[in-house]
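Participant: So the sequence shown is numbered by this note's numbering: it starts at 358 and just counts up by one.
Even glycine gets a Cβ: it sits at the ideal position worked out from N, Cα and C.
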Amino acid sequence: LLYISYVLTSALSINNKTAEPSSRVYKLIYNDEIGCSYVGAWLSHINLFRKIPYWVDISRAEAASTEVYNRLPNKYLFKNFDAHYVNHLSMFEHLNSNKYGFSEAQRKSRILAQSAFEGECGAIVAVNMSQIDLTSIAIVPFYGGLPPNGTSHLSDSLGQGNSKVDEDTKALQCLATVCSCLRYFGHVFIGISRAPDRALLINKLNFPFASGIRSRITIVEFTVSRPIVQVFHLLVWTQHYLKLHNCAAFQVSPSSATNLSDSQRKPSEKGRSLKKVPWWKGKLKRLYFNDSLLNIDQNDVMRHKASLSAAEAAAYDICSPLSIQHSLYAVAPLNVTHIHYFDPLGTEMDIRHHKTMKRVGEIGGYEVHAVHSHPIRYIYYTEADQIVRFDSLLTAHAIKAASNATTYFLGRRRDKARDSDPVDYMGSLSRGSHCGRTQEMYMLDFPKSSLVYRVYN
Numbered sequence: 358l359l360y361i362s363y364v365l366t367s368a369l370s371i372n373n374k375t376a377e378p379s380s381r382v383y384k385l386i387y388n389d390e391i392g393c394s395y396v397g398a399w400l401s402h403i404n405l406f407r408k409i410p411y412w413v414d415i416s417r418a419e420a421a422s423t424e425v426y427n428r429l430p431n432k433y434l435f436k437n438f439d440a441h442y443v444n445h446l447s448m449f450e451h452l453n454s455n456k457y458g459f460s461e462a463q464r465k466s467r468i469l470a471q472s473a474f475e476g477e478c479g480a481i482v483a484v485n486m487s488q489i490d491l492t493s494i495a496i497v498p499f500y501g502g503l504p505p506n507g508t509s510h511l512s513d514s515l516g517q518g519n520s521k522v523d524e525d526t527k528a529l530q531c532l533a534t535v536c537s538c539l540r541y542f543g544h545v546f547i548g549i550s551r552a553p554d555r556a557l558l559i560n561k562l563n564f565p566f567a568s569g570i571r572s573r574i575t576i577v578e579f580t581v582s583r584p585i586v587q588v589f590h591l592l593v594w595t596q597h598y599l600k601l602h603n604c605a606a607f608q609v610s611p612s613s614a615t616n617l618s619d620s621q622r623k624p625s626e627k628g629r630s631l632k633k634v635p636w637w638k639g640k641l642k643r644l645y646f647n648d649s650l651l652n653i654d655q656n657d658v659m660r661h662k663a664s665l666s667a668a669e670a671a672a673y674d675i676c677s678p679l680s681i682q683h684s685l686y687a688v689a690p691l692n693v694t695h696i697h698y699f700d701p702l703g704t705e706m707d708i709r710h711h712k713t714m715k716r717v718g719e720i721g722g723y724e725v726h727a728v729h730s731h732p733i734r735y736i737y738y739t740e741a742d743q744i745v746r747f748d749s750l751l752t753a754h755a756i757k758a759a760s761n762a763t764t765y766f767l768g769r770r771r772d773k774a775r776d777s778d779p780v781d782y783m784g785s786l787s788r789g790s791h792c793g794r795t796q797e798m799y800m801l802d803f804p805k806s807s808l809v810y811r812v813y814n
């Protein structure tokens, strides 16, 4: 486990009546029951995330979470049910549909989604970039179509949460989820695979956000064989995005002079002058999916890491050759067709692409909006209908600090009571499942330490 001296920063300003705690001892439960504890959301350290060999053509959305879970020896739940959880919005639809029929479930789900969207996105206020946690991002795959057997169109397979509500309601759920993520994470990438979904989300982003909020949301559109695989295209795309982002300062570009000899260069570069590409500062760069194309100066990386603490240096492990682990089955095309975002002044931008990566790790060339100036260390993944909550910003920071290549934390999936008021979108939630080795006790004393330790009777 890694020790991290973590600066307590916030991606959100909220007028709390009670002051944030400055330290806390958390009671944890070791979790070894993936079926019981499945949440469809997780927070990962970059050195865990980059090693997950996602198969981009798989048809089981749960694998986005199980592939992480199954590769870890250390996975924990908070004993306190309120410490970290998600509000699973689409379950409200299923509970009401079973009792009252779909028409009533659609009506109530729409009220719930609208209330959640306005509540989450309206709560975000303008903050200085210095207050935002630039070390973390969130990724959210979104599909507005219908689930299997819900439509005659075979291309419309596997909507979010197997939900049958209309596209507009799903878009509201998605952006409520996104805005909840912006409380704790610096930027959110939404992955889609349909032009109608892009239009839906962009329309909803006309919501009167506070200044600077839109520029923290990017929509990445893929062309896929069937909608379900967009989940894994987004995950693999993010792995390579992280490499380019964290390693851009060490990239060598065929531009002007440096002291590389011809023997150190690829054949195509011999006789050409090279120089380092500067750190991203809000400019457009090229996103490559191949170590040799990135041409990272490993000596520069090692010198930089030597000047940092172990925790800080870990963010640059992804700069090493072959640092991203690919599945032997990762052979489907990864085709980015649009990257849609808003610049810091709120101007709408859309980059269109028509290049296909024949195999993951072979061909790149996609322009990407640079949204960070710090190395990214943490990635939060969630399905598109789950509002995330930590009971304090301290808890969010504690989870990040204690996460590493072998350790992560699960939240609990909580559902809104069937007959509760949909306007009160965070009210009347279930407690979630009792999972894990409850007879064992683990602790995390933060920020005194970021080590999880076992307590013996």
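#1: To the nearest angstrom, how far is the alpha carbon of residue 653 from that of residue 674?
#2: What are the partner residues of residue 743, as DSSP defines its beta bridges?
#3: Helix, strand or coil for residue 530, going by three-state DSSP, please let me know.
#4: Starting from residue 549, trace the beta strand (DSSP E) both ways and give me its first and last residue.
#5: When DSSP builds the beta bridges, which residues end up paired with residue 423?
#6: Let me know the alpha helix (DSSP H) ranges lying completely inside the stretch 742 to 784, each 4 residues or longer, listed in chain order.
#7: What does the alpha-carbon distance come out to for the pair residue 798 and residue 461?
#8: With contact counted as at least three CB pairs below 8 angstroms, one residue from each stretch, are the stretch 741 to 749 and the stretch 412 to 421 in contact?
#9: Determine the direct distance from the alpha carbon of residue 525 to that of residue 608, and round the result to whole angstroms.
#10: Over the uninterrupted beta strand (DSSP E) stretch that includes residue 814, give me the two end residues.
#11: With distances taken between CB atoms, is the gap from residue 602 to residue 733 smaller than 7 angstroms?
#12: Does residue 740 pass the burial test, meaning 16 or more other C-beta atoms within 10 Å, or should it be called exposed?
#13: Quick check on this structure: which residue in 389, 692, 672 and 812 has the alpha carbon closest to the alpha carbon of residue 492?
#14: Using only alpha-carbon positions, find the residue among 425, 802, 466 and 383 that is nearest to residue 437.
#15: Going by CA-CA distance only, name the one from 764, 813, 788 and 779 that's closest to residue 388.
#16: Are there 16 or more other CB atoms within 10 angstroms of the CB of residue 666, so buried, or fewer, so exposed?
#17: Taking buried to mean at least 16 other C-beta atoms within 10 Å of its own C-beta, is residue 757 buried or exposed?
#18: Starting from the C-beta of residue 795, find all residues in its chain whose C-beta is less than 7 angstroms away, skip the five residues before and the five after it, and write them out in chain order.
#19: Can you look up residue 794 in the DSSP assignment and give me helix, strand or coil?
#20: Please classify residue 471: does DSSP put it in a helix, a strand, or coil?
#21: What is the DSSP secondary structure of residue 537, counted as helix, strand or coil?
Facilitator: Checking against the coordinates, here is how it stands:
#1: Spanning the two alpha carbons is a distance of roughly 12 angstroms.
#2: Bridge partners of residue 743: 445.
#3: DSSP places residue 530 in helix when its eight states are reduced to three.
#4: 544 to 549 is the extent of the beta strand (DSSP E) around residue 549.
#5: Bridge partners of residue 423: none, in fact.
#6: Correct list: 750 to 759.
#7: About 44 angstroms.
#8: Between the stretch 741 to 749 and the stretch 412 to 421, the count of Cβ pairs shorter than 8 angstroms is below three; the stretches do not touch.
#9: Each residue's alpha carbon lies about 42 angstroms from the other.
#10: Counting along the chain, residue 814 falls outside any beta strand (DSSP E), and DSSP gives it neither H nor E.
#11: Yes, these two residues count as a Cβ contact at 7 angstroms.
#12: Result: buried.
#13: Answer by Cα proximity: 672.
#14: When each option's Cα is compared against that of residue 437, the closest is 383.
#15: Of the candidates 764, 813, 788 and 779, the one whose C-alpha sits nearest the C-alpha of residue 388 is 764.
#16: With fewer than 16 other CB atoms across the displayed protein chains lying within 10 angstroms of its CB, residue 666 is exposed.
#17: It is buried - the Cβ of residue 757 has at least 16 other Cβ atoms within 10 Å.
#18: Residues of the same chain with a CB within less than 7 angstroms of the CB of residue 795, apart from the 5 flanking positions on each side, are 386 in chain order.
#19: Coil.
#20: Shown here, residue 471 sits in a helix according to DSSP, grouped into three states.
#21: Residue state, collapsed to three classes: helix.
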